[in-house]
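Read top to bottom, the protein sequences are chains A and B. When the letters of the first sequence are read in order and numbered with my numbering, they come out as residues 1 to 125. When the letters of the second sequence are read in order and numbered with my numbering, they come out as residues 126 to 286.
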Amino acid sequence: MANSTSGTLYRGQYGMWSWVAHRITGVAIFFFLLVHVLDTALVRVSPEAYNAVIATYKNPIMGLGEAGLVGAIVYHAFNGLRIILIDFWKGGTKHQKGLLWGVIALWVIVMIPFLVRHLSVVFGG
Amino acid sequence: MSTPLKTKIQVPRSRDLEVDGVKYNRAGSSRSRFEMFAWLFMRMSGIVLIVLVFGHLFVNLMVGEGVHAVDFGFVGGKWANPFWQVWDLVMLWLAMLHGTNGIRVIIDDYAARNTTRFWLKVLLFVASAFVILLGTMVIFTFEPCPAGADPSLLASFCSAH
Ligand code: HEM
Ligand code: HEM
Chain A
1 MANSTSGTLY RGQYGMWSWV AHRITGVAIF FFLLVHVLDT ALVRVSPEAY NAVIATYKNP
61 IMGLGEAGLV GAIVYHAFNG LRIILIDFWK GGTKHQKGLL WGVIALWVIV MIPFLVRHLS
121 VVFGG
Chain B
126 MSTPLKTKIQ VPRSRDLEVD GVKYNRAGSS RSRFEMFAWL FMRMSGIVLI VLVFGHLFVN
186 LMVGEGVHAV DFGFVGGKWA NPFWQVWDLV MLWLAMLHGT NGIRVIIDDY AARNTTRFWL
246 KVLLFVASAF VILLGTMVIF TFEPCPAGAD PSLLASFCSA H
């Protein structure tokens, strides 16, 4: 049985850190979304108002921020799938460590082409 | 609201979940029925959101000129199409409800005082309801070719009529 020195599925080791990261990314995406819907609502004010605000996003700092946002959501999404597999798939709890490596691998596989494309758009002028 | 010990009566769920002699059954109160629904909703909405959010990011960041293409005319081009209206509407509702429920759980975890928890949740629910309603209103009342606007700022199909 699990005890306090070996940790449990959720406490102590990678299980906990993956959960901390899931929580932080979830909160960050939520606050992004609040602002995102508000700025998108400017299309109801006027084309000029929307374009003026969007233009302030078109710089390298915001471009890096977008890359960070996408990194956060890609992690949250794949780790969310891992949580779902642990809950619903029979072998999920047994293979959860392997699943976490799967999350990290998928993250790298998605982020490399994304970063190449997005950063060349942002820095390529 | 404590449930009396049931010795003989079976819980109305498929079977007892028993691990190492510890039973992880949930009581059948309406409170836990809501938590069960919320738990399931987090998972169902998550699966749908992967498709919706990844599709959104791909179309808005990767295709064509990437983020550089985003402006009023770009939004007009997308929301002139009912497909993207429905896409964004479902994404808005699912992401906001999923995120709001997630923050609700986090408030329960960290805010120890009853009154603090209560007011944080009031703030959360008011902010979420406002954003959901605003976003919905924007999708349904959006006008891609507003009368009198500078045509160079609009989607190309606006000048056709
Ligand atoms: C940097 C990344 C992002 C960019 C450049 C972006 C851009 C846009 C644009 C241009 C629109 C207008 C309509 C459309 O194009 O469909 C929009 C709407 C929307 N986006 Fe994003 N988006 C980004 C990330 C996200 C993320 C991560 C989410 C979800 C968590 C999201 C959720 C939404 C929703 C719900 C709407 C509809 C808003 C409304 O109803 O008024 N977006 N986004
Ligand atoms: C892209 C697809 C997504 C998937 C697959 C996903 C999946 C999940 C899952 C499985 C949970 C755990 C629920 C639980 O422990 O009961 C969760 C929690 C959460 N999600 Fe998502 N999610 C996604 C998108 C989002 C978005 C767009 C937001 C923000 C608007 C968000 C915010 C949160 C928050 C705040 C939590 C609570 C974290 C916690 O309690 O530690 N998620 N998500």
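All C-beta atoms, glycine included, are put in the ideal place defined by N, C-alpha and C. These numbers were taken from a predicted model, which means no experiment stands behind them.
Under 7 Å between the Cβ atoms of I232/B and A77/A?
In this structure, the beta-carbon distance from I232/B to A77/A does not fall below 7 Å.
Could you check whether the Cβ of P137/B sits closer than 7 Å to any Cβ belonging to chain A?
Residue placement at P137/B is flagged as unreliable, the pLDDT there being 49, under the threshold of 50; a coordinate-derived value is accordingly withheld.
If you draw a straight line from the C-alpha of V27/A to the C-alpha of S284/B, how long is it?
If you take the alpha carbons of V27/A and S284/B, they lie about 42 Å apart.
Tell me the residue span of the alpha helix (DSSP H) that contains T261/B.
N239 to T266 is the span of the alpha helix (DSSP H), which, as asked, contains T261/B.
Which residues of chain A have a Cβ atom closer than 9 Å to the Cβ of M221/B, listed in chain order?
Close to M221/B, with beta-carbon spacing below 9 Å, are these residues of chain A in chain order: F30, L33, L34 and V37.
Between N185/B and ligand 3, is there a pair consisting of the residue's CB and a ligand heavy atom that are separated by less than 6 Å?
You won't find ligand 3 in this model; what it holds is ligand 1 and ligand 2.
Counting only runs that start and end within the stretch 16-89 of chain A, where is the alpha helix (DSSP H) found for 4 or more residues in a row?
List check, alpha helix (DSSP H) in window: 47-57 and 60-88.
Note down the Cα distance separating V247/B from G65/A, rounded to an integer number of angstroms.
Rounded to the nearest whole angstrom, the CA to CA distance from V247/B to G65/A is 30 Å.
Does ligand 2 have a heavy atom nearer than 6 Å to the CB of H36/A?
In terms of side-chain proximity, the C-beta atom of H36/A is found no nearer than 6 Å to any non-hydrogen atom of ligand 2.
In chain A, which residues lie less than 8 Å from A252/B when you measure between Cβ atoms?
Residues of chain A with a Cβ closer than 8 Å to the Cβ of A252/B are, in chain order, L34.
Would you say V263/B touches ligand 1, meaning its beta carbon is less than 6 Å from a heavy atom?
Yes.
Using a Cβ-Cβ distance cut-off of 7 Å, determine whether M1/A contacts chain B.
At M1/A, the pLDDT of 46 sits below 50, so the modelled position is not reliable and the matter cannot be decided from this model.
Taking 8 Å as the limit between beta carbons, can you name the residues of its chain near L219/B, skipping five residues before and five after?
Here the set comprises S170, V173, L174 and L177.
Host alpha helix (DSSP H) of D213/B (start-end):
Taken as a continuous stretch (DSSP letters only), the alpha helix (DSSP H) holding D213/B covers P207 to Y235.
Looking at chain A, which residues of the stretch 223-248 of chain B have a Cβ within less than 7 Å of any of its Cβ atoms?
Hits within the stretch, in order: G224, G227, I228 and I231.
Under the criterion of a Cβ to heavy atom distance below 6 Å, does R23/A qualify as lining ligand 2?
R23/A has its Cβ nearer than 6 Å to a heavy atom of ligand 2.
Compare the C-beta of R158/B against all C-beta atoms of chain A and say whether one is closer than 7 Å.
Using a CB distance cut-off of 7 Å, R158/B does not count as an interface residue toward chain A.
I need the DSSP call for V195/B, collapsed to helix, strand or coil.
V195/B: coil per DSSP, three-state reduction.
Are L217/B and G260/B closer than 7 Å when you measure CB to CB?
Judged by their CB atoms, L217/B and G260/B are nearer to each other than the 7 Å cut-off.
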